[in-house]
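Quick notes on the structure that follows.
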Amino acid sequence: MTTIWRTANYAALVAITFVLLFPLLYALSGSLMSARELASYPPPLLPAHPQLQSFADVMQAIPLAREYLNSAVVAALITLGQLVTATLSAYAFAFLRLPYRDLLFAVFLATMMIPWEAIIIPNYLFMADQGLINSYPALVLPFLAAGFGTFLLRQFFLSFPRDLYEAALVDGCGHLRFLWSILVPLSRPALAALGIWAFLSAWNQYFWPLLVTKTDEMQTLQIGISRLRDAEAATAPNFILAGTVLALVPTLVLIYLGQRHIVRGLTAGAVRG
Amino acid sequence: MEAAGRGRAASRVASARRPRLRARETSIAIAFLVPSLLVFSLFTFWPLLRSVYLSFHGSDIIGRPTLFVGSRQYQQLLSSPTFREVLLNTVAFTLLTVLPSLLVGVGIALLLQQRIRGIGLFRTLMATPFAFSVATASVVFAVFYNPGVGVFNGFLQFFHLPPVGWLTDPHWALPAVALASVWLQLGYNVLVLSAGLQAIPEEVYEAARLDGARAPAITRHITLPMLTPTLFFLLVVTTIVSLQSFGQIHILTRGGPAGATTTLVYSIYVNAFAFGNSNFGYASAQAMVLFAVVLAVTAIQFGVLERRVFYR
Numbered sequence: 523m524t525t526i527w528r529t530a531n532y533a534a535l536v537a538i539t540f541v542l543l544f545p546l547l548y549a550l551s552g553s554l555m556s557a558r559e560l561a562s563y564p565p566p567l568l569p570a571h572p573q574l575q576s577f578a579d580v581m582q583a584i585p586l587a588r589e590y591l592n593s594a595v596v597a598a599l600i601t602l603g604q605l606v607t608a609t610l611s612a613y614a615f616a617f618l619r620l621p622y623r624d625l626l627f628a629v630f631l632a633t634m635m636i637p638w639e640a641i642i643i644p645n646y647l648f649m650a651d652q653g654l655i656n657s658y659p660a661l662v663l664p665f666l667a668a669g670f671g672t673f674l675l676r677q678f679f680l681s682f683p684r685d686l687y688e689a690a691l692v693d694g695c696g697h698l699r700f701l702w703s704i705l706v707p708l709s710r711p712a713l714a715a716l717g718i719w720a721f722l723s724a725w726n727q728y729f730w731p732l733l734v735t736k737t738d739e740m741q742t743l744q745i746g747i748s749r750l751r752d753a754e755a756a757t758a759p760n761f762i763l764a765g766t767v768l769a770l771v772p773t774l775v776l777i778y779l780g781q782r783h784i785v786r787g788l789t790a791g792a793v794r795g
Numbered sequence: 373m374e375a376a377g378r379g380r381a382a383s384r385v386a387s388a389r390r391p392r393l394r395a396r397e398t399s400i401a402i403a404f405l406v407p408s409l410l411v412f413s414l415f416t417f418w419p420l421l422r423s424v425y426l427s428f429h430g431s432d433i434i435g436r437p438t439l440f441v442g443s444r445q446y447q448q449l450l451s452s453p454t455f456r457e458v459l460l461n462t463v464a465f466t467l468l469t470v471l472p473s474l475l476v477g478v479g480i481a482l483l484l485q486q487r488i489r490g491i492g493l494f495r496t497l498m499a500t501p502f503a504f505s506v507a508t509a510s511v512v513f514a515v516f517y518n519p520g521v522g523v524f525n526g527f528l529q530f531f532h533l534p535p536v537g538w539l540t541d542p543h544w545a546l547p548a549v550a551l552a553s554v555w556l557q558l559g560y561n562v563l564v565l566s567a568g569l570q571a572i573p574e575e576v577y578e579a580a581r582l583d584g585a586r587a588p589a590i591t592r593h594i595t596l597p598m599l600t601p602t603l604f605f606l607l608v609v610t611t612i613v614s615l616q617s618f619g620q621i622h623i624l625t626r627g628g629p630a631g632a633t634t635t636l637v638y639s640i641y642v643n644a645f646a647f648g649n650s651n652f653g654y655a656s657a658q659a660m661v662l663f664a665v666v667l668a669v670t671a672i673q674f675g676v677l678e679r680r681v682f683y684r
């Protein structure tokens with residue numbers, strides 16, 4: 523390969539990466555500018571005088587710390603719940619004798635084919651009837667189990683050496699102990715993949731939290747920053763961009779550091795909601 | 373001693389075949405399934421049945437959906453010009469998001485396949501949109517589309533073109549929302565397509581090179597055909613994701629201007645929840661349409677995947 527061709531190739535890669543990353547770069551750069559600098563023409567690419575004022579402003583405008591906490595609690599509970607329910611059910615499907623096993627597994631798979639938006643009304647009415655609107659249980663309960671997680675872990679468990687399972691049981695190891703002290707430690711890659719997927723989709727939810735949270739105190743971060751857009755978009759985008767950057771920190775870390783785990787979960791048929 | 377151990381093991385295995393132990397194993401299995409089944413029954417299957425029920429019921433005088441109206445709400449949907457427009461918007465939005473996100477995704481994934489120094493960094497960075505939620509992406513694009521200080525109109529101004537009301541012009545609003553969605557979807561698509569490309573065995577390429585095939589021919593006659601299962605999987609997934617889109621429409625346009633960006637899911641939201649409508653029955657009839665469409669798309673996927681497995 524000639525040097526010219528190689529340079530052109532890298533130039534193309536850098537250009538495409540720049541275009542693809544533009545929304546992130548713009549948000550980062552804009553969050554460090556003053557409102558006036560961001561609105562000036564021609565639009566500056568980088569802040570002339572980087573300042574953190576918009577981060578302070580956004581914390582003033584909405585209860586951002588509280589919303590951060592809400593999102594973190596909700597996403598953590600959902601992730602933990604899915605890890606537990608999926609591990610247990612995948613274990614039953616992969617290792618245990620069970621009548622109608624295939625039928626039951628089909629029922630689990632069927633849950634993946636029902637779009638959440640098609641059943642969101644009865645779920646909302648249920649939460650309203652139970653008096654759970656504007657509470658953590660409303661945000662968490664419906665997502666404590668997912669067919670996808672069971673499917674992903676079952677695939678992994680099926681590749682687990684059968685001999686090891688039988689030997690453990692023969693040695694008097696109970697199912698729960700085998701699960702906890704042998705299977706779970708050896709399944710860390712699959713559990714990490716599921717954990718990251720569950721956390722990302724929980725953290726990024728929009729429709730459901732929009733419906734079931736009514737006060738600023740219970741809002742998740744996603745709802746909080748989208749409401750910034752209603753109030754301030756025209757006047758102070760730097761402020762909105764600062765909120766966006768803060769909301770992106772956990773997911774960016776997961777995407778950049780956990781990418782190989784994410785790829786493992788990809789082709790198992792995940793759908794982002 | 374070893375022999376004794378083996379004897380004990382054998383007797384355990386034999387006892388494991390006894391019916392009492394098998395019953396115990398079954399009850400453990402059921403206990404392990406109960407947590408998931410409980411969640412699914414309460415929040416998936418029961419609501420699905422209730423959706424069907426609601427779609428045949430209208431609201432009574434205090435707004436509870438208890439009046440049986442038969443198929444009236446479905447007939448109302450079929451004859452409503454507004455709903456026809458909603459369906460057309462949904463189809464247009466789906467086409468405008470699915471096809472570009474697949475085509476651009478393939479292009480980027482092919483570029484990332486090169487074996488050159490630093491490609492790992494590019495690959496990591498190109499997954500960036502995947503870290504965005506529908507809310508964060510929409511908020512940033514809302515700033516881009518801002519008529520006064522936005523990037524897109526700044527661009528037009530640079531070429532001395534008149535500004536466009538991206539989100540307020542009925543012709544531009546749907547494509548503008550679609551563009552934000554394409555970008556949001558690209559991170560996932562690039563990851564999946566890269567994984568698909570890496571799954572193509574190296575020997576196939578080597579054989580082609582030995583036969584004297586050049587890079588463009590290899591891409592056209594080997595890489596792309598072998599990528600079709602991945603492409604098909606993505607086609608189905610992105611179609612379903614796009615049919616379910618809600619956040620970008622709610623944040624960017626609220627379904628407007630004049631209903632130009634009201635898709636099926638947004639219409640469900642408007643009828644059930646917006647402006648104190650609480651028309652749960654009519655919204656549920658639309659939810660059933662959404663369910664049927666997603667089910668049809670999924671069924672196609674299973675049909676084709678079965679054939680693919682058979683093919684091997």
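First to last, the protein sequences are chains A and S.
If you read the first sequence in the numbering used here, its first letter stands for residue 523, the second for the next number, and so on.
If you read the second sequence in the numbering used here, its first letter stands for residue 373, the second for the next number, and so on.
Glycine included, every Cβ here is placed at the ideal spot set by N, Cα and C.
None of the values given here were measured: they were computed from a predicted structure.
Proximal residues to residue i (C-beta, below 6 Å), its chain only, five neighbours per side dropped
i, result
"alanine 714 (chain A)", "His783"
"alanine 755 (chain A)", "Note that alanine 755 (chain A) scores a pLDDT of 49, beneath 50, so its modelled location is shaky; the value from the coordinates is reported in the next line. Within the same chain, alanine 755 (chain A) has no close Cβ partners at all."
"alanine 376 (chain S)", "Because alanine 376 (chain S) sits at a pLDDT of 44, beneath the cut-off of 50, its placement in the model cannot be relied upon, and the following sentence gives the value as read from the coordinates. None."
"isoleucine 584 (chain A)", "Gly746"
Within-8 Å CB hit, residue i to chain S
i, result
"asparagine 645 (chain A)", "yes"
"proline 621 (chain A)", "yes"
"alanine 769 (chain A)", "yes"
"isoleucine 777 (chain A)", "yes"
"asparagine 592 (chain A)", "no"
"histidine 697 (chain A)", "yes"
Closest residue to residue i among the options (Cα-Cα distance)
i, options, result
"serine 431 (chain S)", "S:Tyr638, S:Val665, S:Asn643", "S:Asn643"
"leucine 565 (chain S)", "S:Val523, S:Leu539, S:Ser505, S:Arg495", "S:Arg495"
"aspartate 685 (chain A)", "A:Ala668, A:Gln744, A:Ile704", "A:Ile704"
"alanine 481 (chain S)", "S:Leu468, S:Ala499, S:Thr454", "S:Ala499"
"isoleucine 777 (chain A)", "S:Ala671, S:Phe674, S:Gly559", "S:Gly559"
"valine 767 (chain A)", "S:Pro453, S:Ala403, S:Phe465, S:Thr508", "S:Thr508"
"leucine 547 (chain A)", "S:Phe504, S:Thr633, S:Leu471", "S:Phe504"
"phenylalanine 463 (chain S)", "S:Val515, S:Thr611, S:Ser656, S:Phe516", "It is valine, not phenylalanine, that sits at residue 463 (chain S) in the sequence shown. That would be S:Thr611, whose Cα lies nearest to the Cα of valine 463 (chain S)."
"serine 576 (chain A)", "A:Leu543, A:Ser551, A:Ala534, A:Ala598", "A:Ser551"
"asparagine 726 (chain A)", "A:Leu680, A:Glu589, A:Tyr646, A:Ser593", "A:Ser593"
"tryptophan 719 (chain A)", "A:Trp638, A:Pro572, A:Arg786", "A:Arg786"
"asparagine 444 (chain S)", "S:Leu459, S:Phe428, S:Ser452", "A small fix is needed here, since residue 444 (chain S) is arginine in this sequence, not asparagine. Comparing Cα-Cα distances from arginine 444 (chain S) to each of S:Leu459, S:Phe428, S:Ser452, the minimum goes to S:Phe428."
"asparagine 645 (chain A)", "A:Ala667, A:Pro711, A:Arg623, A:Trp730", "A:Trp730"
"alanine 612 (chain A)", "A:Met649, A:Leu586, A:Gly669, A:Arg558", "A:Gly669"
"leucine 569 (chain S)", "S:Phe674, S:Thr600, S:Asn518", "S:Thr600"
"proline 566 (chain A)", "S:Thr398, S:Leu420, S:Val521, S:Ala580", "S:Val521"
"alanine 567 (chain S)", "S:Leu603, S:Thr416, S:Val608, S:Arg436", "S:Leu603"
"valine 512 (chain S)", "A:Lys736, A:Arg751, A:Trp527", "A:Arg751"
"alanine 545 (chain S)", "S:Leu667, S:Gly631, S:Thr398", "S:Gly631"
"tyrosine 728 (chain A)", "A:Arg749, A:Leu708, A:Ala712, A:Arg710", "A:Arg749"
For residue i: DSSP bridge partner residues
i, result
"phenylalanine 440 (chain S)", "S:His429"
Closer than 8 Å to chain A by CB, residue i
i, result
"glutamine 448 (chain S)", "no"
"isoleucine 572 (chain S)", "no"
"alanine 550 (chain S)", "no"
"methionine 598 (chain S)", "no"
"isoleucine 480 (chain S)", "yes"
"glutamate 397 (chain S)", "yes"
"isoleucine 621 (chain S)", "no"
"glutamine 485 (chain S)", "no"
Contacting residues, own chain, Cβ-Cβ under 7 Å from residue i (five flanking each side not counted)
i, result
"glycine 526 (chain S)", "none"
"alanine 550 (chain S)", "Phe465, Leu468, Thr469"
"proline 472 (chain S)", "Val554"
Residue i beta carbon near the ligand HEM (any heavy atom closer than 7 Å)
i, result
"glutamate 578 (chain S)", "What this structure holds is no ligand at all, so the ligand HEM is not there to describe."
Neighbourhood of residue i by C-beta, 8 Å cutoff - its chain only, sequence neighbours within 5 removed
i, result
"isoleucine 402 (chain S)", "none"
"alanine 386 (chain S)", "Per-residue confidence for alanine 386 (chain S) stands at a pLDDT of 47, beneath the threshold of 50, marking its modelled position as unreliable; the derived number appears in the next sentence. Within the same chain, alanine 386 (chain S) has no close Cβ partners at all."
"valine 662 (chain A)", "Val596, Leu599, Ile600, Gly603"
"glutamate 374 (chain S)", "With a pLDDT of 44 at glutamate 374 (chain S), under the threshold of 50, the modelled position of that residue is not reliable, and no figure is offered here."
"isoleucine 672 (chain S)", "Val608"
"alanine 549 (chain A)", "Leu763, Thr766, Val767, Leu770"
Discussion item. Does the region 643-653 of chain S come into contact with the region 649-666 of chain A, if we say contact requires no fewer than three beta-carbon pairs (one atom in each stretch) closer than 8 Å?
Written reply: no
Worksheet item: Would the region 476-483 of chain S and the region 542-558 of chain S be scored as touching if the rule is three or more Cβ pairs under 8 Å?
Response: yes
Discussion item. Check whether the region 575-583 of chain S and the region 479-495 of chain S touch, using three or more Cβ-Cβ pairs below 8 Å as the test.
Written reply: no
Worksheet item: Counting pairs of Cβ atoms below 8 Å between the region 530-538 of chain S and the region 592-600 of chain S, do you hit three or more?
Response: no
Discussion item. Under 8 Å, with one C-beta from each stretch per pair, do the region 606-619 of chain A and the region 668-678 of chain A reach the 3-pair mark?
Written reply: yes
Practice prompt. Taking 8 Å as the threshold, find out whether the region 628-643 of chain A comes into contact with the region 690-697 of chain A through three or more Cβ pairs.
Written response: no
Fill in: Any 3 or more C-beta pairs closer than 8 Å across the region 654-662 of chain S and the region 632-640 of chain S
yes
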